Amino acid sequence: MSMDTESLAAIRDAAIDYFTRSKSVQRSRILLEQSQAQESQSDAQAGAWRELAALGWPGMLAPEAAGGLDFDLTAAAQVLRAAGEHVAPEPLLAVAGLAATLLARLDTPAARELLAELAAGRLLPALAWQESAGELSAEPLSCGCEPDPDKVGHLVLQGDKTMVLPGPAASGWLVSARDSEETVVLWVPRGCAGVEESLVTLVDGNRCSQLRFERVALPPSAVLGRGDRAEAALRRALAFAQILQAAELLGLGQALLARSRDYLCTRTQFGKPIGSFQALQHRCADMFIHLEIARATLDEVLALASAPDELPLNRLEAEASRAKARCAAAALQASRSAVQLHGAIGYTQECDVSLYYKRVLCQCAWLGNVPSHQRRYAGLADDGPGTDQRGGWSGEFPRQADWSAMAEPEFRAMVRAFLQRHYPENLRYLSHRARRAEMLDWTLTLARQGWIAPAWPQAHGGMGLPADKLIAWIEELEQYGVARAPDQGIVMIGPLLIQHGTPEQQKRYLPHIVSGEHVWCQGYSEPNAGSDLAGLRTEAVLDGDHFIVNGQKIWTTLAQDASHIFMLVRTDKSARKQEGISFLLADLKTPGITIRPIRTLAGEEEFCEVFFDNVRVPAENLVGRLNGGWSIAKALLGFERIFLGSPKQSQYALGQLARFARSRRLFAEPVFLERYTALRLDVADLCAAYTGFANIVKAGKPLPPSVSLLKIWASETYHRIGALLVQTCEEQGAIAGDQELDGQPFNALAPLIGSTSAMIYGGSNEIQRNILARQVLELPA
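Using my numbering, the first residue of the sequence shown is number 1029, and each one after it goes up by one.
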């Protein structure tokens, strides 16, 4: 049953209320201490489970006909995430997630009977499916059953199962086995003759069972399902459980971040809170970044898995692996950082961080760890970036359409066909930053088609793409090797004028941007005002109906190709730094403007210095109010950071890496495939985070300061891909300029060198971490 946002919030609030009232953290501590003292735990666990049964949570995924709550996966994830935040000791995932889903999917009379008992809280079945460490396949290999020679219709079960949860609390076991050539799921109640159970204590105090079935005799009623249906039910239950486990891991990580932040704000050394130390702020910011990427990934996977149309099993398992890998990695990073940030006290058992740390270790190991899920994702996901898919579209190319209603495969086929028909072949996979003259014909082609501004509202001449189609657009262009044209009018000043410009300014400038006639550049940084942008000194003095501008800008991208510049100028030298700044638009043909290109590390003239000597700029070119430019600048920086946080560059670099890997058959090498898959998931999860911020822009809302995380993750992912490409290319990684690969240009160094600047411009990644620490996490100055 799908739920709206308000209902999901209510479920989460109820879960937080229960886990707080029931003192889950304290109960987990007692569980751990009892396990260390080898004391019995069953009484306390049984009492807690009765309380959960009163809330209906054992049957949260069971249908109403079985006495369940009929939650969809997204609703159940609210409970599991809250459980993680409170390190709850109840076996919710094992019973309410894994066992309940399997029984509901089997949907046989015997399975429905057990499910009703589970939903009522009277039965705690444990799924016994795994036969060896590191195994993710649901197919039983050695555990099998055969007809009982002494009883007609009865079966005999033989084999071993490992890592079975819950351990001693289980009422019995749902056992996957082989019967001839098909999968069968059996119910083995506790107490059956021939069952040998060994209990193993886990690091968090819970205990799992290692089971040996030695010719266990079972009646016909023990068979809950068999054949393809049973195997599909088992695979889907495991995938759902892995997604819910990802939610619990996210909750664990977020709780560790919250506790670490509070500690940094209260612990003092050298007479000040340790949270004011930049090294600790940046470590805390990195915890936040990893967890936010994990949250975006989980949200996307939950939306896919909870959709009315069920995902095919392979796709579901791939998405489950993606969610588990990302949330497990984020939780591991958070747990290790939390111990370090707490110092010596974090290394003690009396500190609650230890409970979370140990639970993270258990949940990361059970149902597959990060590398195993990355391997499964590599085997199940589609071919990914760099695959040259063909055709699939024979219709016209509409200027405008209801893009939301168009199926994504159809939209992608349309974009792909348009590129094949119109994009110049000689401009594919350019290794340098494209210049205006090179891209003019393509720019005008997009302008004539009405596709030059994919994210702009249609009312202003854009395509008005929703976030999912915008991601698809970006992916198709990068996959095809489309170069980036000078585009700051499209991605920066255009969206800013749509939100903050006057109607006259919108009418004067926007049509010339979408026609491809005007090209814009940015005038922000100055020789002594880079990261400290408010220290700028370029001055604009009002003289009648003009401003007289004097000063210098630097690091202005492709100013030599631009027709106009948007810039910050100081209009009141007596005011505080941020309060005396205004935002101006200027025509670069205005007398008094001089442009000097700067050659970069890559040997290209990508940046420029721009000098202003008594330049007269019409006062009507002021955007916003006089001396109110800082708020406009921050809004524009938000647009810049979401642009710099776009997956475009990483997708392009990943495509180049995939091109080279295929040419050298590197995907057959396990080490390379593992590293490539990790980067591929980094890019996929960047897309998920980008979609969330793109939806904020589309709704016309201001971007929050947390958008800085997008710029950090995107540029550092881009850099990691570039570094692997150079390493993979071996001697070819030292060749300057273009090489040829499959008849197309190829430059091994371009992504690495390009990513080096990406981590600096738009506010260095260190400054972005400062923003997250101060404005999002509110750590002390």
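All C-beta atoms in this analysis are idealised placements derived from N, C-alpha and C, irrespective of residue type, glycine included. All values derive from a computational prediction rather than experimental measurement.
Limits of the unbroken beta strand (DSSP E) element including glycine 1253: 1251-1254
Spatial distance of glycine 1162 from serine 1400 (CA atoms): Rounded to whole angstroms, glycine 1162 to serine 1400 spans 7 Å at the Cα level.
Best match in Ile1058, Leu1108, Leu1059, Thr1102 for proximity to leucine 1080 [C-alpha to C-alpha]: Leucine 1080 has its Cα closest to that of Leu1108, out of Ile1058, Leu1108, Leu1059, Thr1102.
Residue from Ile1321, Glu1320, Glu1347, Ala1116 with nearest C-alpha to alanine 1333: Glu1347
Per-residue burial, threonine 1048 [other beta carbons within 10 Å of its own, 16 or more giving buried]: Threonine 1048 should be labelled exposed.
Inter-residue spacing [alpha-carbon to alpha-carbon] between leucine 1701 and glutamine 1767: CA-CA distance, leucine 1701 to glutamine 1767, rounds to 24 Å.
Per DSSP, the bridge partner or partners of alanine 1205: Val1212
Delimiting residues of the beta strand (DSSP E) encompassing glycine 1112: First-last for glycine 1112: 1101-1113, but that is the alpha helix (DSSP H), not the beta strand (DSSP E).
Alpha-carbon to alpha-carbon, arginine 1264 and leucine 1344: 8 Å
Nearest residue (CA-CA) to leucine 1121, options Glu1242, Gln1270, Arg1512, Ala1809: Gln1270
Range covered by the alpha helix (DSSP H) that runs through serine 1056: 1052-1064
Beta-carbon separation (whole angstroms), glycine 1374 vs leucine 1319, contact threshold 8 Å: No, glycine 1374 and leucine 1319 are not in contact; Cβ-Cβ is about 18 Å, not under 8 Å.
Whole-angstrom C-beta distance between leucine 1155 and leucine 1126, which should lie under 8 Å: Contact between leucine 1126 and leucine 1155 holds, since their C-beta atoms are separated by about 5 Å, short of 8 Å.
Proximity below 8 Å, CB of leucine 1252 to CB of leucine 1214: yes
Contacts around leucine 1629, its chain only, beta-carbon distance under 8 Å, and the 5 residues preceding and following it disregarded: Ile1781, Thr1784, Ser1785
Range of the contiguous alpha helix (DSSP H) that encloses leucine 1341: 1341-1370
Cβ pair arginine 1669, glycine 1790 closer than 8 Å: yes
Per-residue DSSP class, three states only, for arginine 1444: helix
Three-pair Cβ contact test at 8 Å for the region 1599-1608 versus the region 1540-1548: At 8 Å Cβ cutoff, the stretches do not touch.
Buried or exposed (CB count within 10 angstroms, at least 16 for buried), lysine 1601: Lysine 1601 comes out exposed.
Cβ-Cβ distance between methionine 1491 and glycine 1509 below 8 Å: no
Terminal residues of the alpha helix (DSSP H) in which serine 1736 lies: 1736-1757
Start-to-end residues for the beta strand (DSSP E) that takes in threonine 1229: 1223-1229
Status (buried if at least 16 other CB within 10 Å, exposed otherwise) for glutamine 1803: exposed
Range covered by the beta strand (DSSP E) that runs through glutamate 1637: Start and end: 1635-1646.
DSSP bridge partner residues for tryptophan 1548 (one or two, in chain order): His1592
Three-way DSSP call (helix, strand, coil) for serine 1400 in this model: helix
Which of helix, strand or coil DSSP assigns to methionine 1315: helix
Glycine 1200 and arginine 1218 closer than 8 Å at C-beta: yes
For glutamate 1768, the first and last residue of its enclosing alpha helix (DSSP H): Per DSSP, glutamate 1768 belongs to no alpha helix (DSSP H); it is in the beta strand (DSSP E), 1767-1769.
Cα-Cα separation, glutamate 1777 to leucine 1472: Inspection of the sequence shows that residue 1777 is occupied by leucine rather than by glutamate. Their backbone Cα atoms lie some 30 Å apart in a straight line.
Close Cβ partners of isoleucine 1582 (< 7 Å) along its chain, the five nearest in sequence each way excluded: Ser1553, Glu1554, Pro1555, Glu1637
Environment of alanine 1037 [buried if 16+ CB atoms lie within 10 Å]: Exposed, because fewer than 16 other Cβ atoms sit within 10 Å of the Cβ of alanine 1037.
The region 1147-1154 touching the region 1075-1095, judged by at least three CB pairs closer than 8 Å: Judged by Cβ distances under 8 Å, the region 1147-1154 makes contact with the region 1075-1095, as three or more pairs qualify.
Separation of glutamate 1648 from phenylalanine 1611, as counted between CA atoms: Cα-Cα distance, rounded: 11 Å.
Opening and closing residue of the beta strand (DSSP E) in which proline 1625 lies: 1621-1626
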